[in-house]
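A.B. asks: Residue numbers (my numbering), protein chains in the order written: chain W, 1 to 268; chain F, 1001 to 1260. Backbone N, C-alpha and C fix where the C-beta goes; we use that ideal spot for every residue, glycine too. The model shown is predicted, which means the values in this text are computed figures rather than measured ones. The structure follows.
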Amino acid sequence: MTIAGSRGSGRTRHTLISLALPLAVAVIVIGGWQSYVSLSGVSSLSLPGPGEVLQRVIADAPLLVDNAWVTLRAVLLGYLCAVILGGLIAALVHASTIVERAITPWLVVSQMIPLPAIAPLFVLWTGFDIRPRLMLIALVCFFPIAVAMIDGLRAADPALLDVLRTMRASRWERFWMAQLPAALPATFSGLRVAAAFAVLGAVFGEWVGSNAGLGYLIIAFNSQLKTADMLGVVAVLSLIGVALYSSVTLVERLVLPWYHAERRGRSR
Amino acid sequence: MADPKLRVENVSKSFSHGRDGSATRALSDVSLIVGEGEFVSIVGPSGCGKSTLFSIIAGLESASSGEVVLTSHEHEPLLGNVGLMPQRDLLMPWQSVLDNTAVGLRLSGLSRSQSRKEARSYFREFGLEGFETRWPGQLSGGMRQRAALLRTFLAGHDMLLLDEPFGALDAITRRGMQRWLTEVWRRHRRTILFITHDVDEAILLSDRVYVMTGRPGGIALEVTIDIPRPRDAGVDFERRAADYRAQLLELLAPPEQVIA
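Here it is, written out as C-alpha cells:
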C-alpha cells in the first residue's frame, strides 16, 4: 500500500504513458510513411503521403461530417441490436441445456457466412434503407458478445450459489444477484471486441445497400481514383472505431468499479 | 444437554461413477446430535466427508440413507432452514461489504434500506465498522471471514453450520477470531455445528467434539469438553486441554502415522 499522494501521481504518470505510447507509434508510422513517399517518388495515385491525406480530409470536411453521421447512426443502432440479441442468446443458452445443444453449432455457422454473400440478400429482403445495414452489423457483433457472456455466466462460484440457496434465493434471484454480475467482466471483453467489428459491418453494408455513409464514400472515391480522399475516409472510420471502443471501456469502468478496484489492488 | 436441535441419524452417502456402476462411499452411518444453543465441533482429517455431511444437513444434497431432523422445523425441508458458511468467505466482489452482509435480509423480503440499517447495527460487534462501503476485495482475510459470518448470522437461522471458517487465516488472526466467535456465540445463543481439523480449536470452542475418521467418513468418538468458560489461555485451561488433546490425537494421528 502506498500513501495517497504517491498513488495519485502514479496514476497520472500511468495516464500520460498510455497516451504517449500510441502517439509515439503514430509518429513513427506516419514519419516512415512520409519519408518513403518522398524518397521513392511513388505515384500519389497508388500511395499519397500523410500530408496530402490530411489536406484532403480538411477539404472534404463537410462531406465527411455528413456521411460520418450516417455511418455512426447505423453503427450505434446496429451495435445496440447486437447487444440485445447477444444478451438474449446468452441468457437462453445459460437457462436451458437443450437450447444450448440445439443452437451452439448454428451460432458458429452464422459466423461462417461471408459478408459479401449475405449483404446483397439482406438488401433484397428488407429494401434499400438502414435495415440491411443494421442486420449486417448485428450479425457480425452479436457473436463475440454472446460467446463472452455465455462463458461469463458460468463464472459464478457454485459454492456461492449454494450459500444463496440456503438463504432461500430463487433461481431468478441467484441469476440476478450472483450469476449476472459475475458474468459482466467477461461480457465487457466481448462488448469491446464487438465494438471494433461494428464499423466493419457498417462499411460492408454501405458498399451494397446505401448511397450515403463513409463506406459509400470509399467506393465513390475509389472509382474516381481519389486515393488520398479515400484514405482520409479510412482515417475517419478508424476514429469512429476507436471512439466506440473507448466508450465501451469507459462504461465498463463506471459499471464495474469493484472489478477495477480489485485489479488495482492485486497489481500493487 | 439441552433439548436436541439437530439429529443426524445413520446418514450414509455414496457417489456413483457413471456407467460401470461403481460407487464411492463418502459417509458411513453417521449419527450425531446438537443440543439447543450448543457449540459442537467435528474434527477430522481432510477428505473425511465433513463437507459432504454439511451439504446434507443444509439440504443441498440428499443422503443415500438415514435421516437429518431439524427439530424446530420438523416437517419442512432442510434447505432454507439451516445456515451454512463454507470454508471460503464467498463474498460477492460486486457488492459493498454492507450489502454482502445484508443479502440474507434482502432475500427474506426486507427492503434495501431496511436490510442495510439492520446489518449496519452489527458492524461494530463484528469488527467491521468503517468498512461498510468498501469492496470485499479491500478487506483483510480476518475481516472477510467476519463479514461472511455476519452474513450467515443475519440470514436468520438458529442452526448454523460453520465449515473451517478460520482454516485459511494465520495463527495470530485465528486466535483472535476464536475468542471473538465464542463471545458472539455466547451473546446470541445460536446453535453451532463447527468443522475444523485443528484439535486445539475444537477444544477451545466446543461443548462437545465428534471425531470423524476417513474414507468412508464415520464418527469414531464423542468427547464432552468439560472445561468451564470463559476458557482463557491460563495454566489451568492448558493442563486440562492437554488431556483432551492427547485423547483426540490418539484417534486422529496414531503414533506410526505421525512418524510416516
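Chain W beta carbons: is any one of them nearer than 7 Å to that of proline 1165/F?
C.D. replies: The residue labelled residue 1165/F in the question sits at position 165 within the second sequence. Chain W contact via Cβ: absent.
A.B. asks: So leucine 1070/F and methionine 1159/F are supposed to be a Cβ contact under 8 Å. How far apart are they, rounded?
C.D. replies: The count along the second sequence starts at 1 and reaches residue 1070/F at position 70. The count along the second sequence starts at 1 and reaches residue 1159/F at position 159. With a Cβ gap of about 6 Å, leucine 1070/F and methionine 1159/F count as contacting.
A.B. asks: According to DSSP, is proline 1004/F helix, strand or coil?
C.D. replies: Along the second sequence, one-based indexing puts residue 1004/F at 4. It is a strand residue.
A.B. asks: Taking Cβ to Cβ, would you say serine 1261/F is nearer than 7 Å to serine 1055/F?
C.D. replies: What the structure shows of chain F is the stretch from 1001 to 1260, and residue 1261/F is not part of that stretch, so it cannot be assessed.
A.B. asks: Taking Cβ-Cβ distances below 7 Å as the criterion, which residues of the segment 1143 to 1174 of chain F are in contact with chain W?
C.D. replies: Answer set for the segment 1143 to 1174 of chain F: Ala1155.
A.B. asks: What did DSSP end up calling leucine 1110/F once you bin it into helix, strand or coil?
C.D. replies: The sequence position of residue 1110/F within the second sequence is 110, counting from 1. Three-state result, leucine 1110/F: coil.
A.B. asks: Quick one: is leucine 184/W buried, meaning 16 or more other Cβ sit within 10 Å of its Cβ, or exposed?
C.D. replies: Locating residue 184/W in the first sequence gives position 184, where the first residue counts as 1. Burial call: buried.
A.B. asks: How many whole angstroms separate the CB atoms of phenylalanine 1126/F and glutamate 1132/F, which I take to be in contact at a CB cut-off of 8 Å?
C.D. replies: Residue 1126/F sits at position 126 when you count from the first residue of the second sequence. Residue 1132/F sits at position 132 when you count from the first residue of the second sequence. About 11 Å separates the two Cβ atoms, so there is no contact after all.
A.B. asks: Out of Pro116/W, Trp258/W, Arg165/W and Ala228/W, which has the shortest C-alpha to C-alpha gap to proline 50/W?
C.D. replies: Start at 1 with the first residue of the first sequence, and residue 50/W comes out as number 50. When each option's Cα is compared against that of proline 50/W, the closest is Ala228/W.
A.B. asks: Can you give the Cα-Cα distance for leucine 239/W and alanine 196/W, rounded to whole angstroms?
C.D. replies: As a working note, residue 239/W is residue 239 in the first sequence. As a working note, residue 196/W is residue 196 in the first sequence. Straight-line Cα distance between these residues: approximately 11 Å.
A.B. asks: Quick one: give me the first and last residue of the alpha helix (DSSP H) that arginine 1025/F is part of.
C.D. replies: For the purposes of this step, residue 1025/F is taken as residue 25 along the second sequence, with counting starting at 1. Here arginine 1025/F belongs to no alpha helix (DSSP H); instead the beta strand (DSSP E) covers 1023 to 1035.
A.B. asks: By a C-beta neighbour count over all protein chains shown, 10 Å radius and 16 as the cutoff for buried, is phenylalanine 1153/F buried or exposed?
C.D. replies: Within the second sequence, residue 1153/F is the residue found at index 153, counting from 1. Classification for phenylalanine 1153/F: buried.
A.B. asks: Is the segment 235 to 254 of chain W close to the segment 1030 to 1037 of chain F, with three or more CB pairs under 8 Å?
C.D. replies: Contact between the segment 235 to 254 of chain W and the segment 1030 to 1037 of chain F is absent, because fewer than three Cβ pairs lie under 8 Å.
A.B. asks: Spell out whether any CB of chain F is found under 7 Å from the CB atom of tryptophan 172/W.
C.D. replies: The sequence position of residue 172/W within the first sequence is 172, counting from 1. No - not a single Cβ of chain F is within 7 Å of the one on tryptophan 172/W.
A.B. asks: Output yes if chain W places a C-beta closer than 7 Å to the C-beta of alanine 1058/F; else output no.
C.D. replies: For the purposes of this step, residue 1058/F is identified with residue 58 of the second sequence, where counting begins at 1. Chain W contact via Cβ: present.
A.B. asks: If you measure between the beta carbons of glycine 78/W and isoleucine 118/W, is that distance less than 7 Å?
C.D. replies: The sequence position of residue 78/W within the first sequence is 78, counting from 1. The sequence position of residue 118/W within the first sequence is 118, counting from 1. Not closer than 7 Å, so no.
A.B. asks: How long is the line joining the alpha carbons of aspartate 1198/F and alanine 1148/F, rounded to whole angstroms?
C.D. replies: For the purposes of this step, residue 1198/F is taken as residue 198 along the second sequence, with counting starting at 1. For the purposes of this step, residue 1148/F is taken as residue 148 along the second sequence, with counting starting at 1. Roughly 20 Å separates the two Cα atoms.
A.B. asks: Sort Glu173/W, Ile89/W, Ser18/W and Ala61/W by Cα distance to isoleucine 103/W and report the nearest one.
C.D. replies: Reading the first sequence from its first residue, position 103 is the one you call residue 103/W. When each option's Cα is compared against that of isoleucine 103/W, the closest is Ile89/W.
A.B. asks: Which first and last residues belong to the alpha helix (DSSP H) in which leucine 1193/F is found?
C.D. replies: Taking the second sequence and counting its residues from 1, one reaches residue 1193/F at position 193. Careful: leucine 1193/F lies outside any alpha helix (DSSP H), inside the beta strand (DSSP E) at 1191 to 1196.
A.B. asks: Could you spell out the range, first to last residue, of the beta strand (DSSP E) harbouring methionine 1085/F?
C.D. replies: Stepping through the second sequence from its first residue, residue 1085/F is reached at position 85. Start and end: 1083 to 1085.
A.B. asks: Can you tell me where the alpha helix (DSSP H) holding serine 1064/F begins and where it ends?
C.D. replies: For this step, residue 1064/F is matched to residue 64 along the second sequence. Per DSSP, serine 1064/F belongs to no alpha helix (DSSP H) and is neither H nor E.
A.B. asks: Counting only runs of 3+ residues fully inside the segment 121 to 195 of chain W, write out the beta strand (DSSP E) ranges in chain order.
C.D. replies: Whole beta strand (DSSP E) segments, 3+ residues: zero.
A.B. asks: Going along chain F, which residues have a C-beta under 7 Å from leucine 153/W?
C.D. replies: The sequence position of residue 153/W within the first sequence is 153, counting from 1. Correct list: empty, because the minimum Cβ distance to chain F is about 14 Å.
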